[in-house]
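Report on one structure; see the data block that follows.
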Amino acid sequence: MKFRPCIDLHDGKVKQIVGETLNDDIIENFVSSYDSAYYAELFKRDELTGGHVIMLGPHNEEAAIQALSHYPNGLQIGGGITAENAAYYLKQGGSHAIVTSYIFRDGRLNEENLSSIVAEVGKERLVIDLSCKERDGKWFVVTNQWKQFSDFEVNEANIRYLESYCDEFLVHAVDVEGKQSGIQQSLVRDLAKWVTIPTTYAGGARSIEDMKLFLTLSNGKLDLTIGSALDIFGGNLSYDEVVRFNRSI
Numbered sequence: 000m001k002f003r004p005c006i007d008l009h010d011g012k013v014k015q016i017v018g019e020t021l022n023d024d025i026i027e028n029f030v031s032s033y034d035s036a037y038y039a040e041l042f043k044r045d046e047l048t049g050g051h052v053i054m055l056g057p058h059n060e061e062a063a064i065q066a067l068s069h070y071p072n073g074l075q076i077g078g079g080i081t082a083e084n085a086a087y088y089l090k091q092g093g094s095h096a097i098v099t100s101y102i103f104r105d106g107r108l109n110e111e112n113l114s115s116i117v118a119e120v121g122k123e124r125l126v127i128d129l130s131c132k133e134r135d136g137k138w139f140v141v142t143n144q145w146k147q148f149s150d151f152e153v154n155e156a157n158i159r160y161l162e163s164y165c166d167e168f169l170v171h172a173v174d175v176e177g178k179q180s181g182i183q184q185s186l187v188r189d190l191a192k193w194v195t196i197p198t199t200y201a202g203g204a205r206s207i208e209d210m211k212l213f214l215t216l217s218n219g220k221l222d223l224t225i226g227s228a229l230d231i232f233g234g235n236l237s238y239d240e241v242v243r244f245n246r247s248i
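By numbering that gives the first Met the number 0, the letter at position 150 of the sequence shown is numbered 149, and the numbering carries on one by one without gaps.
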């Protein structure tokens with residue numbers, strides 16, 4: 000397990016948003032007075048690798064490129080990524096392209112688009128975002144700013160299939176994302192049982208105790224992203240303490 004940082008961009012600013020509110024009246028947990036380069040430099044200083052920059056909607060390209068250029072190959076890039084623009088963002092310094100909605104179209108996995116983006120950037124530089132919500136005791140990928148359920152179930156068979164197309168998975172637990180209500184323990188357990196490639200979980204973590212619980216539940220197999228809870232994003236959890244804990248694992 001390692002801690003992976005994040006930079007969420009909305010309207011060109013670094014923000015923390017309650018994930019399910021993107022299409023509605025947005026609930027902003029935090030709007031930073033610092034730009035994306037500040038956070039990229041911070042994560043670079045602390046040698047935190049594999050973090051992600053997510054563009055939430057339009058008008059974020061400039062801020063995203065600013066972050067990538069300040070930490071070349073240290074950050075992944077997601078949000079509106081397609082076969083047409085993925086290589087461009089990698090050239091700007093992104094280590095990996097993160098893809099969701101482009102490969103999950105009209106509620107199902109679009110094999111053609113998946114093959115297209117793999118051909119464009121290569122399996123070794125692709126992260127598939129399997130952000131999901133629970134329905135009837137199962138996990139389903141949600142797209143279109145986490146509002147639309149797909150018919151793609153996150154289970155062992157489907158994960159095994161997608162592992163042949165990508166280098167990593169990123170999984171936001173949308174039910175708890177941005178709410179600082181604790182991690183979605185059942186999802187963490189399931190992912191740890193199923194995945195065989197690097198996988199990052201995001202959603203709900205708010206304390207060092209949560210990090211310890213996550214480490215136990217995942218048997219160290221998964222990585223963890225913390226956003227809104229960190230003091231650098233307006234929360235109460237010390238970023239420096241998280242970095243220290245990360246180094247001690």
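No residue lacks a Cβ here, since even glycine has one placed at the ideal position from N, Cα and C. Note that the coordinates shown come from a computational prediction; the quantities given were computed from them, not determined experimentally.
Distance between beta carbons of L186 and F151, contact taken as under 8 Å: The residue given as residue 151 occupies position 152 in the sequence shown. The residue given as residue 186 occupies position 187 in the sequence shown. The beta carbons of F151 and L186 sit about 15 Å from each other, so the pair does not count as a contact at 8 Å.
What first and last residue would you give for the alpha helix (DSSP H) that runs through I64? Translated into the one-based positions of the sequence shown, residue 64 becomes position 65. Residues 60-69.
The beta strand (DSSP E) that contains N28, what's its start and end? For this step, residue 28 is matched to residue 29 along the sequence shown. For N28, the uninterrupted beta strand (DSSP E) segment begins and ends at 27-30.
How long is the line joining the alpha carbons of D222 and G50, rounded to whole angstroms? Position 223 of the sequence shown, counted from the start, is the residue given in the question as residue 222. Position 51 of the sequence shown, counted from the start, is the residue given in the question as residue 50. A direct Cα-to-Cα measurement between D222 and G50 gives close to 10 Å.
My assumption, with CB atoms under 8 Å, is that C165 sits in contact with K211. Please give the rounded CB distance. Here residue 165 refers to the residue found at position 166 of the sequence shown. Here residue 211 refers to the residue found at position 212 of the sequence shown. That pair is no contact at about 29 Å.
Between the segment 104-118 and the segment 65-73, do three or more beta carbon pairs fall short of 8 Å? The segment 104-118 vs the segment 65-73: no contact.
Give me whichever residues DSSP pairs with W138 in a beta bridge. Taking the first residue of the sequence shown as 1, we reach residue 138 at position 139. Answer is E133, bridged to W138.
Per DSSP, what kind of secondary structure is L47 in: helix, strand or coil? Within the sequence shown, the letter at position 48 stands for residue 47. Secondary structure at L47: coil, using DSSP grouped into helix, strand and coil.
Quick one: Cα of G73 to Cα of L125, how far? Counting from 1 along the sequence shown, the entry for residue 73 is found at position 74. Counting from 1 along the sequence shown, the entry for residue 125 is found at position 126. If you draw a straight line from the Cα of G73 to the Cα of L125, it comes to about 14 Å.
Taking the alpha-carbon positions, what's the D174 to V52 distance? Position 175 of the sequence shown holds residue 174. Position 53 of the sequence shown holds residue 52. Rounded to whole angstroms, the gap between the alpha carbons of D174 and V52 is 21 Å.
H9 bridges to which residues according to DSSP? For the purposes of this step, residue 9 is taken as the residue at position 10 of the sequence shown. DSSP, once it has assigned bridges, lists K12 as partnering H9.
Where the alpha helix (DSSP H) containing I116 begins and where it ends: For the purposes of this step, residue 116 is taken as the residue at position 117 of the sequence shown. Bounds of the alpha helix (DSSP H) holding I116 are 110-120.
Buried or exposed (CB count within 10 angstroms, at least 16 for buried), A118: Translated into the one-based positions of the sequence shown, residue 118 becomes position 119. A residue is called buried once 16 or more other Cβ atoms fall within 10 Å of its Cβ, and A118, having fewer, is exposed.
Keeping to the same chain, check which residues put their C-beta closer than 7 Å to that of G93; ignore five residues upstream and five downstream. By 1-based counting over the sequence shown, the position of residue 93 is 94. The residues are L67, L74, Q75, I76.
By the DSSP assignment, the alpha helix (DSSP H) with T250 in it spans what residues? The structure shown does not extend to residue 250, since the chain spans only 0 to 248, so no value can be given for it.
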